[in-house]
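Step one of this worksheet: look at the structure below.
And the structure:
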């Protein structure tokens, strides 16, 4: 069962070209150049538990494994840092509906930050639906607070117009505390999107923008790359434990939710998104903002060239 | 002890001077007739007929049919306070004078949250009858329509579909057709032009609320198609696989 | 022989009444603030409580819609209690009444002026006529009594006007402090104001500023109604409130009565100065149970303790009926 599962996973994620023999033993990592620090890691769960506790456990272990494969959180968070963890808390939905980031992924990231010596971890988002409801029903408020993070609703006063000098966004309102935090960690969920085909890491950063965000869609690709280039998160994590394959980014039909049992983490947000696109069956070149991000020097679309570490948990 | 009690009870048959309210029966009758007249006058408004409807009179999901609603709503404002997205407002003359300060949805200010049923929980007189979230998700409170003269992909050859992005129904009630159009510079561009799926749309209004076209949104909700008023319909059911 | 004049001390009934009024007002406001989404798709607390004990709404909705909501049978308790004991509801429980009580107590003016407006006025009969009109409309299915039901009026005004305005004002104040960042040297006002603001946001302020169309009109009407207390004491309660009218009708012959020692009373009319309901306590035979809130101010104010509460069970003879004066 495990082998079939793994093989299907490899096929659909276009890693088929990589050596599969090295995956024979559990927990084995794939090394291309042992000396360089890894830029991209992919953690995959061998099974697909159905019980809520099992899924929570899976999310926690996958997240830890993905970060550990990159060299541990201390590579990204230093002692005494103020860290802003940016999950997707955009929608008034439950975790099973895969519209918001898995709460256990978020809580694990918060734990890892504190373990690395962070002074304060802030968790928030500019929700599209009612913030009160979205924070509560997504489970992220409770999970993050339990992990010791400061969870709060955004304060209108702290959106400040910032000069971004982007291609379409010369200046835009961004949340001051997020920009001024020592570290920014992007924790997005992988979903279908009607306009840009897939919402991955870079799209998630829209949640730190204020003002009339509903205008971005007139040139969504450029807007997203502008924001991503300005904010440059230290670490981008993609939650693909559950993915939304249709009717995104809000979803609602449980039949559209598929289990991919994967977490992706990396420093190159373009490469992370390029790989994330394959989880929904797209090619990286199909996603407009991935192509533009690569073209503008934000990262590389060719995630294989980064020698991603693949871990089976 | 019985003497005072019997005196007390006799006081209801023939009240002592201080227990009298001092209002002549005539005056009371006149007041009653005034009230009845008011009630009668409310019935002559076209809105009281079963054919005329105000497109802006969108009531919260679970609201009873209009005449029943007006006979139960006590204009208390509980629903207005509880609505998480500030969608419910005190009506002006939207429902006629009789409907003053009854709850009406204003999608330009707020929208009806898909997974919420709070207004039906707090209505003290059940003018908004209690619904489970699943029941509420099947109630149509109206129907959205596109104003193609204002919608960015239709009128300005610009890409958008924020409406489709936010549509909460499990199968989205907004779908789009990819069209090749000319932009102002004469170049051919492909835009996604949105349309409403009339069977799926429940009139929640998030599309109108999030539409970037300010002032008057390019997609708006009107009350037609509301489940509570069987006469306020426009679709032939089952005609297109609905 | 006249009793010795007492030194002025507020009667314990008055203190008790104020305590009970405060409890119910705070309870009402607490329920108001908790009429909001609270974690899993529910409100916190019995937010409909005051509407469920309100017999006016129960009665009128029943007449207008021919259906009765079971939860509203609690209002029978109010009706029966008023029938037996009088309009204690208005004086002790009604939170809107407490608000009017408070603003009435802010009135200045010399005792003579207050004497002139403290007594019963025949205009108080208007609210009975309004109640009748509302019932008439309800007979034809129109439940418009909600416009003037005290809880509807109070809640609606709070929800659509008062709370949004207070919220906006508070946010504006703290935003100004945050933006202007005043201070002396390294000491900044924001080090005090920001923690306060955080607490306010968490417990009292709205997550998102609410806006309501028509809120200005509702707010203005509310302010006018409150301001009328400076014209006549407890204006709403005496002249407008249809619930007060209903309770007045039901409670016009209660078991509990006011007792005045007429053999000693020298007609100083001090008891009249702070009478809330306009019930004519200064003339025992003219005391009007349908207007009395049992606020106990007359009991407390009488310098010689001639005024007290009694029940009809201990009433021995019919008091000598003095010539009834009609005051203003």
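Residue numbers (the numbering used here), protein chains in the order written: chain A, 1 to 313; chain B, 314 to 555; chain C, 556 to 883.
Glycine is no exception: its CB is placed at the ideal position from the N, C-alpha and C atoms.
Every value quoted in this text rests on a predicted model; they were computed, and no experiment measured them.
**Prompt:** How would you write the range of the alpha helix (DSSP H) that residue 770(C) sits in, first residue to last?
**Reply:** Along the third chain, one-based indexing puts residue 770(C) at 215. Counting along the chain, the alpha helix (DSSP H) containing residue 770(C) begins and ends at 770-782.
**Prompt:** For residue 186(A), which beta-bridge partners are listed by DSSP?
**Reply:** Position 186 of the first chain, counting from 1, holds the residue named residue 186(A). According to DSSP, residue 186(A) bridges with 86(A) and 236(A).
**Item:** Assigned secondary structure, residue 309(A) (DSSP; H/G/I helix, E/B strand, else coil)
**Value:** Within the first chain, numbered from 1, the residue matching residue 309(A) stands at position 309. In the structure shown, residue 309(A) sits in a strand (DSSP, three-state: E or B).
**Request:** Could you check which residue in 169(A), 228(A), 95(A) and 278(A) has the C-alpha nearest to that of residue 143(A)?
**Result:** Along the first chain, read from residue 1 onward, the residue named residue 143(A) stands at position 143. Of the listed residues, the one whose Cα sits closest to residue 143(A) is 95(A).
**Request:** Report the neighbours of residue 453(B) on chain E: residues whose CB is nearer than 8 Å to its CB, in chain order.
**Result:** Here chain E cannot be found, since the structure's protein chains are A, B and C.
**Prompt:** Whole-angstrom Cβ separation of residue 852(C) and residue 830(C), contact assumed at under 8 Å?
**Reply:** Translated into positions along the third chain, residue 852(C) becomes position 297. Translated into positions along the third chain, residue 830(C) becomes position 275. So it is a contact: roughly 6 Å between Cβ atoms.
**Own chain partners of residue 398(B) with C-beta closer than 6 Å, once the 5 adjacent residues on each side are dropped** = Position 85 of the second chain, counted from the first residue, corresponds to residue 398(B). Excluding residues within five positions, the ones whose Cβ falls inside 6 Å are 423, 424 and 426.
**Item:** Cross-chain neighbours of residue 157(A) in chain C, by beta carbon under 7 Å
**Value:** Walking along the first chain from the start, residue 157(A) turns up at place 157. What residue 157(A) touches in chain C: 730 and 733.
**Message:** To be precise: take each residue of the region 768-799 of chain C, compare its Cβ to all Cβ atoms of chain B, and keep it if any distance is under 7 Å. Which residues remain?
**Reply:** Hits within the stretch, in order: 768, 769 and 773.
**Request:** Thinking residue 303(A) and residue 271(A) are a contact (beta carbons under 8 Å), I'd like their distance in whole angstroms, please.
**Result:** By one-based count along the first chain, residue 303(A) stands at place 303. By one-based count along the first chain, residue 271(A) stands at place 271. So it is a contact: roughly 4 Å between Cβ atoms.
**Prompt:** What are the start and end residues of each continuous beta strand (DSSP E) run of 3 or more residues lying completely inside the region 211-258 of chain A, in chain order?
**Reply:** List check, beta strand (DSSP E) in window: 235-244.
**Asked** So which residues on chain C does residue 131(A) lean against when the C-beta distance must stay under 9 Å?
**Response** Reading the first chain from its first residue, position 131 is the one you call residue 131(A). 762 and 763, listed in chain order.
**Asked** Mind checking if residue 178(A) is an interface residue toward chain C, Cβ cutoff 9 Å exclusive?
**Response** Start at 1 with the first residue of the first chain, and residue 178(A) comes out as number 178. No, because no Cβ of chain C sits closer than 9 Å to the Cβ of residue 178(A).
**Asked** Cβ-heavy atom distance between residue 775(C) and the ligand HEM below 8 Å?
**Response** This structure lacks the ligand HEM, and indeed carries no ligand of any kind.
**Prompt:** Which stretch, first to last residue, makes up the beta strand (DSSP E) that contains residue 863(C)?
**Reply:** By 1-based counting over the third chain, the position of residue 863(C) is 308. Element bounds for residue 863(C): 862-866.
**Prompt:** Between the region 227-245 of chain A and the region 110-126 of chain A, are three or more C-beta pairs nearer than 8 Å?
**Reply:** Fewer than three Cβ pairs drawn from the region 227-245 of chain A and the region 110-126 of chain A lie within less than 8 Å of each other, which leaves the two stretches out of contact.
**Item:** Extent of the continuous beta strand (DSSP E) to which residue 338(B) belongs
**Value:** For the purposes of this step, residue 338(B) is taken as the residue at position 25 of the second chain. Counting along the chain, no beta strand (DSSP E) covers residue 338(B); the unbroken alpha helix (DSSP H) around it starts and ends at 338-355.
**Item:** Contact residues within the region 151-175 of chain A, judged by C-beta distance below 7 Å to chain C
**Value:** If the cut-off is 7 Å between Cβ atoms, the region 151-175 of chain A has 153 and 157 near chain C.
**Asked** What whole-angstrom Cβ distance do residue 71(A) and residue 478(B) have, given they're in contact under 8 Å?
**Response** As a position in the first chain, residue 71(A) is number 71, starting the count at 1. As a position in the second chain, residue 478(B) is number 165, starting the count at 1. Wrong, their Cβ atoms sit about 37 Å apart, outside the cutoff.
**Asked** Going by Cα to Cα distance, which pick from 766(C), 587(C) and 626(C) is closest to residue 600(C)?
**Response** Walking along the third chain from the start, residue 600(C) turns up at place 45. With distances taken between Cα atoms, residue 600(C) lies closest to 587(C).
**Prompt:** Helix, strand or coil: how does DSSP classify residue 873(C) here?
**Reply:** Within the third chain, the letter at position 318 stands for residue 873(C). For residue 873(C), the predicted model reports a pLDDT of 38, less than 50, meaning its position is unreliable; a value from the coordinates is still stated below. Residue state for residue 873(C) is assigned as coil, using DSSP reduced to three classes.
**Item:** Residues bridged to residue 41(A) (per DSSP)
**Value:** Your numbering for residue 41(A) matches position 41 in the first chain. Listed as beta-bridge partners of residue 41(A) by DSSP are 265(A) and 309(A).
**Request:** Could you check if residue 734(C) is buried or exposed, using at least 16 other CB atoms within 10 Å of its CB as the buried criterion?
**Result:** Your numbering for residue 734(C) matches position 179 in the third chain. Exposed: under 16 other Cβ atoms inside 10 Å.
**Asked** What residue does the beta strand (DSSP E) around residue 198(A) start on, and which one ends it?
**Response** The residue labelled residue 198(A) in the question sits at position 198 within the first chain. If you look at residue 198(A), you'll find it in the beta strand (DSSP E) that goes 197-199.
**Asked** Should residue 441(B) be labelled buried (16 or more other beta-carbon atoms within 10 Å of its own) or exposed?
**Response** Sequence index remark: in the second chain, residue 441(B) carries index 128 (1-based). Looking at its Cβ environment, which holds 16 or more other Cβ atoms inside 10 Å, residue 441(B) is buried.
**Prompt:** Taking 9 Å as the CB-CB cut-off, is residue 606(C) touching chain B?
**Reply:** Stepping through the third chain from its first residue, residue 606(C) is reached at position 51. Yes, residue 606(C) counts as interfacial toward chain B.
**Residue closest to residue 783(C), alpha-carbon to alpha-carbon, out of 806(C), 816(C) and 657(C)** = Along the third chain, one-based indexing puts residue 783(C) at 228. The shortest C-alpha to C-alpha distance from residue 783(C) to any of 806(C), 816(C) and 657(C) is the one to 657(C).
**Asked** Counting pairs of Cβ atoms below 8 Å between the region 668-688 of chain C and the region 338-357 of chain B, do you hit three or more?
**Response** Because the criterion of three Cβ pairs below 8 Å is met, the region 668-688 of chain C and the region 338-357 of chain B touch.
**Asked** Which bits of chain C does residue 136(A) rub up against, with CB to CB less than 7 Å?
**Response** Numbered from its first residue, the first chain carries residue 136(A) at position 136. Those are 594, listed as they occur along chain C.
**Backbone CA spacing between residue 383(B) and residue 697(C) [nearest angstrom]** = Position 70 of the second chain, counting from 1, holds the residue named residue 383(B). Position 142 of the third chain, counting from 1, holds the residue named residue 697(C). Spanning the two alpha carbons is a distance of roughly 6 Å.
**Prompt:** With residue 245(A) and residue 192(A) assumed to form a contact (beta carbons below 8 Å), what rounded beta-carbon distance in angstroms separates them?
**Reply:** Against the first chain, residue 245(A) aligns to sequence position 245. Against the first chain, residue 192(A) aligns to sequence position 192. Rounded to whole angstroms, the Cβ separation of residue 245(A) and residue 192(A) is 6 Å, and the two are in contact under 8 Å.
**Message:** Need the endpoints of the beta strand (DSSP E) that residue 415(B) sits in, please.
**Reply:** Position 102 of the second chain, counting from 1, holds the residue named residue 415(B). Residue 415(B): not part of any beta strand (DSSP E); DSSP gives it neither H nor E.
**Message:** Using the three-state DSSP reduction, which class does residue 68(A) fall into: helix, strand or coil?
**Reply:** Reading the first chain from its first residue, position 68 is the one you call residue 68(A). When DSSP states are grouped into helix, strand and coil, residue 68(A) belongs to the helix group.
**Message:** Please list, in chain order, the chain B residues whose beta carbon lies closer than 7 Å to that of residue 218(A).
**Reply:** Walking along the first chain from the start, residue 218(A) turns up at place 218. Here the neighbours are 465, 471, 472 and 473.
**Message:** Measuring only the C-alpha atoms, how far is residue 857(C) from residue 836(C)?
**Reply:** Here residue 857(C) corresponds to residue number 302 of the third chain, with the count starting at 1. Here residue 836(C) corresponds to residue number 281 of the third chain, with the count starting at 1. Going by C-alpha positions, residue 857(C) is about 10 Å away from residue 836(C).
**Request:** Could you tell me the distance, in whole angstroms, from the CA atom of residue 895(C) to the CA atom of residue 649(C)?
**Result:** Summary: the structure shown does not reach residue 895(C), with chain C confined to residues 556 through 883, and so no result is reported for it.
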